[in-house]
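Numbering-wise (numbering that gives the first Met the number 0), the sequence shown opens with residue 0 and increments by one.
Glycine included, every Cβ here is placed at the ideal spot set by N, Cα and C.
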Amino acid sequence: MNPNMMVTCPYNNAHRMKESRLQIHITKCRQDHLDDDHFVCPFNSTHVLPHQERSYHLLRCPDKAPLDRKLAESMDKNNPFKGRTAVPSYSEPLPIEPSEIWDEDEDFEPRLAFAAAKEPPVGAIIQPQPFSKPASRRQLYQELHQMPTEAEPR
């Protein structure tokens, strides 16, 4: 393939372009010619032919040769990669007895791993509960102002 060779568009003979740009042009030009009855070769997408020439082209397409060689190699009787086509037999899965039974510990009560402090630490940011009433917020603020400060002066 010579990328600088000029070729003609299969949809419109007035369109001429470099062979390297043919695929891009065909993609764009196909949109303008949707009503035309053209066939696109499955071996090379730059082969766009009238639909009447389909069977002739499929038999004689030059880009089909590499595919034919690969198919011939795969059909060779001495080929080790033939593939296994046997369907595996179905059997019921064997029951497995569990080594651990987690349901035995249902009476276990979870407990905290640390002792929660009843007093907030010094310097903690304390906010009222969300959606609390004004009276409870007012009481919280009064308690915060009455708390002794344990901060040491520097």
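| Query | Result |
| --- | --- |
| P133: first and last residue of the uninterrupted alpha helix (DSSP H) it sits in | 133 to 145 |
| Opening and closing residue of the beta strand (DSSP E) in which K117 lies | Neither: K117 is in no beta strand (DSSP E) and is coded neither H nor E. |
| Sheet register partners of K17 (DSSP bridge) | M5 |
| 8 Å Cβ shell around P87 - same chain, five flanking residues per side excluded | none |
| Sequence-distant residues of the same chain with beta carbon closer than 8 Å to S44, five excluded per side | Q22, I25 |
| P94 classed as buried or exposed, judged by whether at least 16 other C-beta atoms fall within 10 angstroms | exposed |
| Host beta strand (DSSP E) of L111 (start-end) | L111 -> no beta strand (DSSP E), and no H or E assigned at all. |
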